[in-house]
Structures are given as structure tokens and as C-alpha cells.
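Under the numbering used here, the residue at position 455 of the sequence shown is numbered 444, and the numbers go up by one with no gaps. No residue lacks a Cβ here, since even glycine has one placed at the ideal position from N, Cα and C. These figures come from a predicted structure and were not determined experimentally. Read the structure below first, then the notes.
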Amino acid sequence: MKKYIIYFGILAVGLLLGWLLFGNSLAKETEHNHDAVTENNQMWTCSMHPQIMQPEAGDCPICGMDLIPAESSSEGLLADQFKLSENAMALANIQTSIVGKGKTEDNTVKLSGKIVENEEANAVQVSYFSGRIERLNVSFTGEEVRKGQLLATIYSPELYAAQQELITAVSLKESQPALYKAVRNKLKLWKLSENQINQIETSGKVKENFPVYATVSGTVSEKLVEQGDYIKQGQPLLKIANLNTVWANFDVYENQIDLFKKGQEISVTTNTYSNKEFKAKVDFIDPVLDTKTRTVKLRAVLNNKQNVFKPGMFVEGKVKGMTSSNEHVLTIPSTAVLWTGERSVVYIKTDPTQPVFEMRIITLGNQIGDNYEVLEGLSIDDEIVTNGTFTVDGAAQLQGKKSMMNKKGGKVMTGHEGHLGMEKNPSANNENHSNMNERIKVSKDFQNQIKVVFNDYIKLKDVLVKDDTNNVMTESKRLLGNLSKVDMKLLKDKEAHGHWMSLEKEIKASARSISNTSNIESQRNHFKHLSSHLISTIQTFGINEKVFVEFCPMVDDNNGAYWLSREEKVINPYFGGAMLTCGEVKQVIE
-10 MKKYIIYFGI
0 LAVGLLLGWL
10 LFGNSLAKET
20 EHNHDAVTEN
30 NQMWTCSMHP
40 QIMQPEAGDC
50 PICGMDLIPA
60 ESSSEGLLAD
70 QFKLSENAMA
80 LANIQTSIVG
90 KGKTEDNTVK
100 LSGKIVENEE
110 ANAVQVSYFS
120 GRIERLNVSF
130 TGEEVRKGQL
140 LATIYSPELY
150 AAQQELITAV
160 SLKESQPALY
170 KAVRNKLKLW
180 KLSENQINQI
190 ETSGKVKENF
200 PVYATVSGTV
210 SEKLVEQGDY
220 IKQGQPLLKI
230 ANLNTVWANF
240 DVYENQIDLF
250 KKGQEISVTT
260 NTYSNKEFKA
270 KVDFIDPVLD
280 TKTRTVKLRA
290 VLNNKQNVFK
300 PGMFVEGKVK
310 GMTSSNEHVL
320 TIPSTAVLWT
330 GERSVVYIKT
340 DPTQPVFEMR
350 IITLGNQIGD
360 NYEVLEGLSI
370 DDEIVTNGTF
380 TVDGAAQLQG
390 KKSMMNKKGG
400 KVMTGHEGHL
410 GMEKNPSANN
420 ENHSNMNERI
430 KVSKDFQNQI
440 KVVFNDYIKL
450 KDVLVKDDTN
460 NVMTESKRLL
470 GNLSKVDMKL
480 LKDKEAHGHW
490 MSLEKEIKAS
500 ARSISNTSNI
510 ESQRNHFKHL
520 SSHLISTIQT
530 FGINEKVFVE
540 FCPMVDDNNG
550 AYWLSREEKV
560 INPYFGGAML
570 TCGEVKQVIE
């Protein structure tokens, strides 16, 4: 019994010693393993591409930047709020402003318009007798004619008979003067002159063909007949426009009508003479509202003796010194506003001490200078994003929050995601890149006009690849010319109209900057901005053609830049022959 007690004692002492020697280290190891698990749960992301999530540090597979630790939680944020890193804020140069009351510095209202003929100066040349056109001396529309010029010769059976009556009446002049006078007056009603009538009377010969002379001077705007046509008395032959003066018709939105009155001075500019302003006065404001476009016509009469303005030409009007009908109104910079087909949105910084943002739908009033009136959606002292708005919107989309094109929130497909999917599965179809953004429905005619601009862009890209600075300037001017031909009247929706005006302004500015420099580096820098705005245009309106959006992370000191292409093969316009294949497809716009 004593022997068993000794054995149990030794065993107990051994267990005690084992616990003392190894128990503490086991606890430390367990604690260490727990820390390792906690550490292993740390995810790493890219400040510029927050959709990248990796379990360890490294480089971003998209732009090559160093990954940073991802925030472990979003505690304290509401469902529609999202947060950006300080690094991302700095890199994207995101700036905010406080909303306040007060007048804008430049109280100028901008209007879009079109040159048309002055209807008061137009004339219709008619035939005063029936017959067949034996010869038409006007060959084409646009031909200049002078008052008294021979326009046509006409064979008229009834005029032939009337001449014979005159010759017979001459012999009865003494015995039946009333009959003689009636026959002469009949010919005068057909606009024969005294000289023509006297010539018939003196010669005693009947003329088969009679001339038609122009009653006014001007430009033939429309031919209504052809040689050989049979015409009736009073039938129009030609429309003649006097273009010494023309009308500039501007569209004024319903909520702007009270800002304008007859006699206001308006400055008119054209793309042809972009550096020259033409002064005019408001001559007429249409009292009837167009129910389709919700606009009225505002008209100014322009002196055109130098033949500067052509009917059909687009113009821009500026009326200065405008004040809103609302005495106290909130205004925000136009750079803060993002447009969709249905609404206008801004991004609010909800926490003054943290980079936390939230999308807000607003209702806009008039555009005054570079600012918009805000009718609903914002309050005084709200802090909104005024620079880098598209970057903030992209971050909202990637984090599944409400955004410009994703008003309900939730994750959306992006070009980056499609690219990552193909890296993991090289056999994946390129359709994964397709654009999931909301498309504004517009007419095919408008899409075709945008497509012409896109074709010019492709030509511009191709000469940039070749470092051909002279042709770069030429192609950018061609793009500007076709951009001016895009007819905004084809956009029936007010929001679509406003969105296009904003994009057109940026495209025009970028293309004009390219055309004004022969430095290839400057041209490529402006081409980067041109590409950005044209991408937004095609995403928004479409051109009924597959377009590839391509990206190179090394452009602009590794900030990266996008461009558009018709083909999947990468041909980089930013480096020319030096790095021709740098880049990859990020998105396919259908």
C-alpha cells in the first residue's frame, strides 16, 4: 500500500512539473496562433481601385501601386454612405465646397440656338399666268439672283390668245376705246410691262414665249419647279431669301422665361468665329410654349452683310446681368453636378472630419454662368464635392452604394472586374466587359451624328500613334467641325439635352486645345481629357457599334489614361512607337 502511495506521489509531482514547464508556453503558443489568425484576416486593397482585395501586401494588379491595409469595418456609416482613404482623396485631387447663398460672380445665361432665314425678308417668285416652262435659268439652290434678272421663259396658250386680242383691238381703238383699254389691262394683270404691251402693239406680232423676271434680289433657298413643268397661274416657282439679315432662334426653357424681355442685349458666338462676339437685341419671344421640348423660341436679328452666318449654323447666345426670379437661391458650381437621363446628382461629404460621402438627388433651376441654381435637395452649409466628382461616383459604384447610374445601390460590373475575371479564367468571353451603365434612349439620327465625331476621334488617335503633330491638328479641327453639326434638337428630353451640352462643352474645349498646339506632349495630354469625355458620351448615348475602352497605367507619370478603340488589339496613342502595346482592354461598350 505504501508502495502505491509513493507511485501516485511521483506521478502527481510529474504532472505538476509538466504543467509548470509547458503549460505557460502552450498558452503563449495558443495566444500567438490566435494573433496569427487575426493577422491573417487582414486584407489589403488599392487606394485607386478599392475593388481589389488581397490577403497579403503587394502591388495592385491594375495600376501597380502599393496595396494598403483595408479598413476592417464600416461601423457608424449609414447604408448609403461610403468612405474613401486619405490617399485616394489626395491622388484624385478631390475637393469640396460649402453650399451658400448669394449671387454668382458672372450672372450670364447661356442659350443654344440656330441660324435661320429672316422670314420678313423672304420672297416667293410666282408665275402670273399658266403654261409650260420652256427654259429655267436658275440651276441650283443657293444661286444668287438680282432684281430684274431673267429667271425663266414660259409658253402660255392663254397669253398667246390675249396677244391676238390686243392686235385685233388696236384696229378698233378709235371706234371701241373701252374694249381696247380692257384688253391692255388684262395683259397688265399678268404682269406684262407697258413696254412689253407697246412692243406687241407696234410690231403686230404675237410672242410665243414670255420671260419671268426676279422681283427681288437674294439667294435661291428652294427650287419648286423644273424645266418642262406645266404650271398654273399663281404657282410658286422659287423661294428667294435675302440673307443680308438672318434670325438667330434660341431655345429658352420653361423655368427661364421670366428672365428675358424684348430689347435685351445678347452676344452671339459661332464655332466658325469662336473668338468674335456679335451683338444683337432680343427681337421676339414666342408666346406659345412647345409642349414637346418645354421651351419657347427667343429671336434676335443679326446683320449679315458680310455673309458670316449661314442658315442651319449652330450658335451660342449669352445674356449678361441676369438675376434669378428667386431673391434667395442656392447656387453650386456646374462641376459638382452629374447628369443622368432622369435626374441630377451631387455627392455630399456627410462628416466634416472624415472622408465619408453620400449621393444626393437634386433639382436644378437656371444655369447662370458656370453655376446652377438649386431648387431642391440641398441646404445651406452642406459640403459637396466640386472636383473629382466622377472619381467619387466610381468609388460609390465599386462599393455597391447608390451612384449616378446605380440609383438603388448594389454591386455593379465594371471594366476592372471583367478584366480580373479574365485573368483568373483566360477563356472567359470578352462580353464580361460589357457596359452595365444606364443608357439614355435617344434617336438613331443623334447616335449617327455622335458616331461621325467618334470616327474623327479614331483618326486623331491613329495620327497620335504616328507622332504626326500636323495631322493631329488637322484631325482635331475636323472633329470640331463635325461636333458643331450635332443637332441638339434631336434630344427631346430636357435632362438628356443638358447632359449633352455639358459633355459637348468639355469635348470642344479639349479638341480645341489639341488644335491650337503643335507640341506632341501637350496634344496627348489634351487627348487624355478628350477621351474621358467621349467615353462618357458613348456610354451615355451609344453609337450602335462595339467600342473598346483601353487603359495604360504608365501614362501621365503612372497616373494612367484611357482611350477608345474599334478593335481589341492595343495600340497606345500616348507613347507612339516607344511603347506601342502598353495597355489592356478595360471595358466593351455595346
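Could you check whether the region 159 to 176 touches the region 72 to 83, counting it as contact only if at least three pairs of C-beta atoms, one from each stretch, sit closer than 8 angstroms? The region 159 to 176, when compared against the region 72 to 83, does not touch it at the 8 angstroms Cβ threshold.
For Q295, is the classification buried or exposed, using 16 other Cβ atoms within 10 angstroms of its Cβ as the cut-off for buried? Flag for Q295 reads exposed.
Integer Cβ distance of V577 from F537, believed to fall under 8 angstroms: The Cβ separation is near 6 angstroms, so the contact holds.
First and last residue of the uninterrupted beta strand (DSSP E) at L140: Taken as a continuous stretch (DSSP letters only), the beta strand (DSSP E) holding L140 covers 139 to 144.
Tell me the rounded alpha-carbon separation between L287 and N360. Our two residues, L287 and N360, have alpha carbons roughly 22 angstroms apart in a direct line.
Thinking C-alpha only, which one of L278, L226, T458 is nearest T130? The candidate whose alpha carbon is nearest that of T130 is L226.
Host beta strand (DSSP E) of N198 (start-end): From DSSP, the beta strand (DSSP E) with N198 extends over 198 to 202.
Secondary structure of P166, DSSP reduced to three states: Note: P166 maps to helix in three-state DSSP.
Helix, strand or coil for Y361? Go by DSSP, reduced to three states. Residue state for Y361 is assigned as strand, using DSSP reduced to three classes.
Determine whether the beta carbon atoms of G565 and E539 lie at a separation below 8 angstroms. Not in contact: G565 and E539 (Cβ atoms no closer than 8 angstroms).
Can you grab the Cα-Cα spacing for the pair A141 / N260, in whole Å? Cα to Cα, the separation comes out at about 39 angstroms.
Segment contact, 8 angstroms Cβ cut-off, at least three pairs: the region 197 to 213 with the region 104 to 115: Note that the region 197 to 213 touches the region 104 to 115; at least 3 beta-carbon pairs, one per stretch, sit closer than 8 angstroms.
Could you compute how far the alpha carbon of A269 sits from the alpha carbon of I255? When rounded, the distance between both Cα atoms is 5 angstroms.
Report the option in I527, L469, P200 whose CA atom is closest to the CA atom of N505. Measuring from the Cα of N505, the nearest candidate turns out to be L469.
Can you grab the Cα-Cα spacing for the pair K448 / D482, in whole Å? Computed Cα separation, rounded: 31 angstroms.
Can L472 and A500 be called in contact, C-beta distance under 8 angstroms? Against a cut-off of 8 angstroms, the Cβ pair of A500 and L472 comes out as a contact.
Going by Cα to Cα distance, which pick from H488, S263, G102, V134 is closest to K466? Measuring C-alpha to C-alpha distances from K466 to each of H488, S263, G102, V134 identifies S263 as the nearest.
Neighbourhood of Q222 by C-beta, 6 angstroms cutoff - its chain only, sequence neighbours within 5 removed: Same-chain partners within the cutoff: F118, S119.
Could you give the distance in angstroms between the alpha-carbon of G193 and the alpha-carbon of V127? Looking at the two C-alpha atoms, the distance is approximately 31 angstroms.
From R124, K281, K575, V441, pick the residue whose C-alpha is nearest to that of E534; which is it? Residue V441 is the option with its Cα nearest to E534.
Looking at the structure shown, is F298 part of a helix, part of a strand, or coil, going by DSSP? In the structure shown, F298 sits in coil (DSSP, three-state: anything other than H, G, I, E or B).
Considering Cα atoms alone, identify which of I274, V105, N437, L319 is closest to S368. With distances taken between CA atoms, S368 lies nearest to L319 out of I274, V105, N437, L319.
Assuming M477 and S101 form a contact by the criterion Cβ under 8 angstroms, report the distance between their Cβ atoms to the nearest whole angstrom. M477 to S101, Cβ: 6 angstroms. Contact.
Report yes or no: do the region 246 to 253 and the region 135 to 155 share at least 3 C-beta pairs separated by less than 8 angstroms? They do not touch, by the three-pair rule.
Short check: CB of L492 to CB of S520, under 8 angstroms? No, they are not a contact pair.
Compare the C-alpha of N244 against each of L67, P542, L364, V195 and name the closest. Checked all of L67, P542, L364, V195; the closest Cα to N244 is L364.
Pick from V297, I527, F303, K390: whose alpha carbon is nearest that of M348? Here the closest residue by C-alpha is K390.
Could you tell me if D546 is buried or exposed, where buried requires 16 or more neighbouring beta carbons within 10 angstroms of its beta carbon? The C-beta of D546 has fewer than 16 other C-beta atoms within 10 Å across all chains shown, which makes the residue exposed.
Start and end residues, beta strand (DSSP E) containing Y605: For the chain, the structure presents residues -10 to 579; residue 605 sits outside this window and is missing.
DSSP-derived helix/strand/coil call for F273: Three-state DSSP puts F273 in a strand.
Strand pairing of V105, partner residues [DSSP]: Beta-bridge analysis with DSSP links V105 to W236.
Suppose contacts are defined by Cβ-Cβ distances below 8 angstroms. Is L232 in contact with V257 by that definition? No, the pair does not count as a contact, with Cβ atoms beyond the cut-off.
For G120, the first and last residue of its enclosing alpha helix (DSSP H): G120 -> not in any alpha helix (DSSP H); beta strand (DSSP E) instead, spanning 120 to 125.
Pick from E106, V544, P44: whose alpha carbon is nearest that of K299? Residue E106 is the option with its Cα nearest to K299.
Alpha carbon to alpha carbon, what distance is there between A151 and V159? C-alpha separation (whole angstroms): 13 angstroms.
Would you report the Cα separation of D457 and F516, rounded to the nearest angstrom? Rounded to whole angstroms, D457 to F516 spans 14 angstroms at the Cα level.
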